[in-house]
Amino acid sequence: MRVWSIANQKGGVGKTTTTVALGGLLGDAGRRVLLIDLDPHGSLTSYFGYDPDEIEHSAFDLFMAERPLDHAGVRELLLNTSHDQVTLLPASTALATLDRQNAGRAGMGLVLSRALQNVDADFDYALVDSPPLLGICLVNALAACEKLLVPVQTEFLALKGLERMVHTLTMVTQSLNHGLEYLVIPTMFDKRTKVSLQTLEHLRTHYAGQLWRAVIPVDTRLRNASREGMVPSRHDPNGRAVHAYRSLLAELEPALAPAAAAGAAN
Numbered sequence: 000m001r002v003w004s005i006a007n008q009k010g011g012v013g014k015t016t017t018t019v020a021l022g023g024l025l026g027d028a029g030r031r032v033l034l035i036d037l038d039p040h041g042s043l044t045s046y047f048g049y050d051p052d053e054i055e056h057s058a059f060d061l062f063m064a065e066r067p068l069d070h071a072g073v074r075e076l077l078l079n080t081s082h083d084q085v086t087l088l089p090a091s092t093a094l095a096t097l098d099r100q101n102a103g104r105a106g107m108g109l110v111l112s113r114a115l116q117n118v119d120a121d122f123d124y125a126l127v128d129s130p131p132l133l134g135i136c137l138v139n140a141l142a143a144c145e146k147l148l149v150p151v152q153t154e155f156l157a158l159k160g161l162e163r164m165v166h167t168l169t170m171v172t173q174s175l176n177h178g179l180e181y182l183v184i185p186t187m188f189d190k191r192t193k194v195s196l197q198t199l200e201h202l203r204t205h206y207a208g209q210l211w212r213a214v215i216p217v218d219t220r221l222r223n224a225s226r227e228g229m230v231p232s233r234h235d236p237n238g239r240a241v242h243a244y245r246s247l248l249a250e251l252e253p254a255l256a257p258a259a260a261a262g263a264a265n
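Listed below in structure tokens is the structure:
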């Protein structure tokens, strides 16, 4: 199983949308996908019609178990989604209490990694939607992944979130004693606005080595897909943003791009 985490230390930049869009395209290509919600706000969980305030079992259970959950224990936490190839490990708002309840408890940074090892044979990909704040959940997302995707809204305030994210990544990878490459993904790009163009130019100047060459455009059809609880590629296979995410997947996994396009069209 390949694990990708989607993170940025600023909210509202497109983390959940990127998680759902890429997860859906991987599912369209016939891959078994696990989407993991580690954000106490539960946007990914809500996307598929579940209430993070009311949910009975969630990712919170992984962290509060006295011993690591086995295969059956992890599977019990998982929920179906509107896509038959995509499964959800939901969030509950109780995740917000993790840092307070587990201060000083050893091994908390590797909880997700250990859980995923127990369902490694069940999925081809796991995509982690991370919270914007540094804490146990974000550390777990960084420790578990082999690829980090950093969506950045093309507006100036989002650049500060990117700076904090890069600083956090440096600290965490030093602690874990292994490097982790990241890819910056410009999102919500509107070529008609000066701020989008200037922000993109800043990214190209200061993050050239880590920057995806294209952009995710503003597309209201993404909101429509969210309202219906459908992955964007199933809601509107020919939408502008879906086309852009398909191009992103082609860069991340070139061999899967044709299958993803064919699967969404069926």
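Once you know that position 55 of the sequence shown is 54 in numbering that gives the first Met the number 0, the rest is easy, because the numbers rise by one and skip nothing.
Just so you know, even glycine gets a beta-carbon here, dropped at the ideal spot from N, CA and C.
Own chain partners of residue 23 with C-beta closer than 7 Å, once the 5 adjacent residues on each side are dropped: On the sequence shown, residue 23 is found 24 positions in, with the first residue counted as 1. Correct list, in chain order: 82, 85, 230, 231, 232 and 233.
Around the Cβ of residue 8, are there at least 16 other Cβ atoms within 10 angstroms (buried) or fewer (exposed)? Here residue 8 refers to the residue found at position 9 of the sequence shown. Buried, by the Cβ-count rule.
Looking only at C-alpha atoms, which of 126, 182 and 67 sits nearest to residue 105? Along the sequence shown, read from residue 1 onward, the residue named residue 105 stands at position 106. Of 126, 182 and 67, the residue nearest in Cα terms is 67.
What are the boundary residues of the beta strand (DSSP E) that residue 181 is part of? For the purposes of this step, residue 181 is identified with residue 182 of the sequence shown, where counting begins at 1. Per DSSP, residue 181 belongs to the beta strand (DSSP E) from 181-186.
Reduced DSSP category for residue 193 - H, G, I as helix; E, B as strand; rest coil: Translated into the one-based positions of the sequence shown, residue 193 becomes position 194. Three-state result, residue 193: helix.
Take residue 161 and list the residues in its own chain whose beta-carbon comes closer than 6 Å to its own, dropping the five residues that flank it on each side. Residue mapping note: residue 161 aligns to position 162 of the sequence shown, counting from 1. Contacts found: 151.
In the segment 29-103, which residue ranges form an unbroken beta strand (DSSP E) of at least 3 residues, counting only runs that do not cross its ends? 32-36 and 85-88
Consider the C-beta atom of residue 33 and the heavy atoms of the ligand GDP; say whether any pair is separated by less than 7 Å. The model depicted lacks the ligand GDP and carries no ligand whatsoever.
Meets three-Cβ-pair contact criterion under 8 Å: the segment 51-61 and the segment 90-99: yes
DSSP state of residue 129, grouped into three classes? Residue numbering aside, residue 129 sits at position 130 when the sequence shown is read from its first letter. DSSP places residue 129 in coil when its eight states are reduced to three.
Since residue 111 contacts residue 143 with CB under 8 Å, what's their CB separation in whole angstroms? In the sequence shown, counting from the first residue as 1, residue 111 sits at position 112. In the sequence shown, counting from the first residue as 1, residue 143 sits at position 144. Right, their Cβ atoms sit about 4 Å apart.
So, helix, strand or coil for residue 5, using DSSP? As a position in the sequence shown, residue 5 is number 6, starting the count at 1. The answer is strand: DSSP assigns residue 5 an E or B state.
If you measure between the beta carbons of residue 165 and residue 2, is that distance less than 8 Å? As a first step, residue 165 is located in the sequence shown; it is residue number 166 there, counting from the start. As a first step, residue 2 is located in the sequence shown; it is residue number 3 there, counting from the start. Cβ distance not < 8 Å, so residue 165 and residue 2 don't count as in contact.
Tell me, which residues are paired with residue 352 by DSSP? Coverage of the chain is limited to positions 0 through 265, which leaves residue 352 absent and any answer about it impossible.
Starting from the C-beta of residue 80, find all residues in its chain whose C-beta is less than 6 Å away, skip the five residues before and the five after it, and write them out in chain order. The residue labelled residue 80 in the question sits at position 81 within the sequence shown. So the list reads 47 and 87, once near-sequence residues are dropped.
Starting from residue 150, follow its DSSP beta bridges and name the residues at the other end. Residue mapping note: residue 150 aligns to position 151 of the sequence shown, counting from 1. Its beta-bridge partners are 184.
CB residue 148 to CB residue 5, shorter than 8 Å? Counting from one through the sequence shown, the residue named residue 148 turns up at place 149. Counting from one through the sequence shown, the residue named residue 5 turns up at place 6. Yes.
Bridge-paired residues (DSSP) for residue 216: Here the question's residue 216 lines up with position 217 in the sequence shown. Note: residue 216 sits in a beta bridge opposite 188.
How big is the Cα-Cα spacing for residue 158 and residue 198? Here residue 158 refers to the residue found at position 159 when the sequence shown is read from its first residue. Here residue 198 refers to the residue found at position 199 when the sequence shown is read from its first residue. If you take the alpha carbons of residue 158 and residue 198, they lie about 8 Å apart.
Please list the terminal residues of the continuous alpha helix (DSSP H) segment that includes residue 12. Start at 1 with the first residue of the sequence shown, and residue 12 comes out as number 13. Neither: residue 12 is in no alpha helix (DSSP H) and is coded neither H nor E.
Residue 139 - containing alpha helix (DSSP H), residue span: Within the sequence shown, the letter at position 140 stands for residue 139. Where residue 139 is concerned, the enclosing alpha helix (DSSP H) stretches over 135-143.
Look at the Cβ atom of residue 211, then the Cβ atom of residue 250, and state whether they are nearer than 8 Å. Walking along the sequence shown from the start, residue 211 turns up at place 212. Walking along the sequence shown from the start, residue 250 turns up at place 251. Cβ distance < 8 Å, so residue 211 and residue 250 count as in contact.
Cβ-Cβ separation, residue 123 to residue 31 (assumed contact under 8 Å), whole Å: Taking the first residue of the sequence shown as 1, we reach residue 31 at position 32. Taking the first residue of the sequence shown as 1, we reach residue 123 at position 124. That pair is a contact at about 5 Å.
Output needed for residue 26: all residues of its chain with C-beta closer than 6 Å, excluding positions within five of it in sequence on either side, in chain order. Taking the sequence shown and counting its residues from 1, the one referred to as residue 26 is at position 27. Only 32, 82, 84 and 85 meet the Cβ criterion.
Determine the direct distance from the alpha carbon of residue 146 to that of residue 50, and round the result to whole angstroms. Numbered from 1 along the sequence shown, position 51 holds the residue referred to as residue 50. Numbered from 1 along the sequence shown, position 147 holds the residue referred to as residue 146. Going by the C-alpha atoms only, they are around 29 Å apart.
So the alpha helix (DSSP H) residue 173 belongs to, where does it begin and stop? The sequence position of residue 173 within the sequence shown is 174, counting from 1. Run containing residue 173: 155-175, per the alpha helix (DSSP H) assignment.
Proximity to residue 61 [Cα-Cα], best of 220, 189 and 76: What you label residue 61 is simply residue 62 of the sequence shown in a count that begins at 1. Comparing Cα positions, the closest option is 76.
Alpha-carbon to alpha-carbon, residue 17 and residue 213: Stepping through the sequence shown from its first residue, residue 213 is reached at position 214. Stepping through the sequence shown from its first residue, residue 17 is reached at position 18. Near 14 Å, if we compare the C-alpha coordinates of residue 17 and residue 213.
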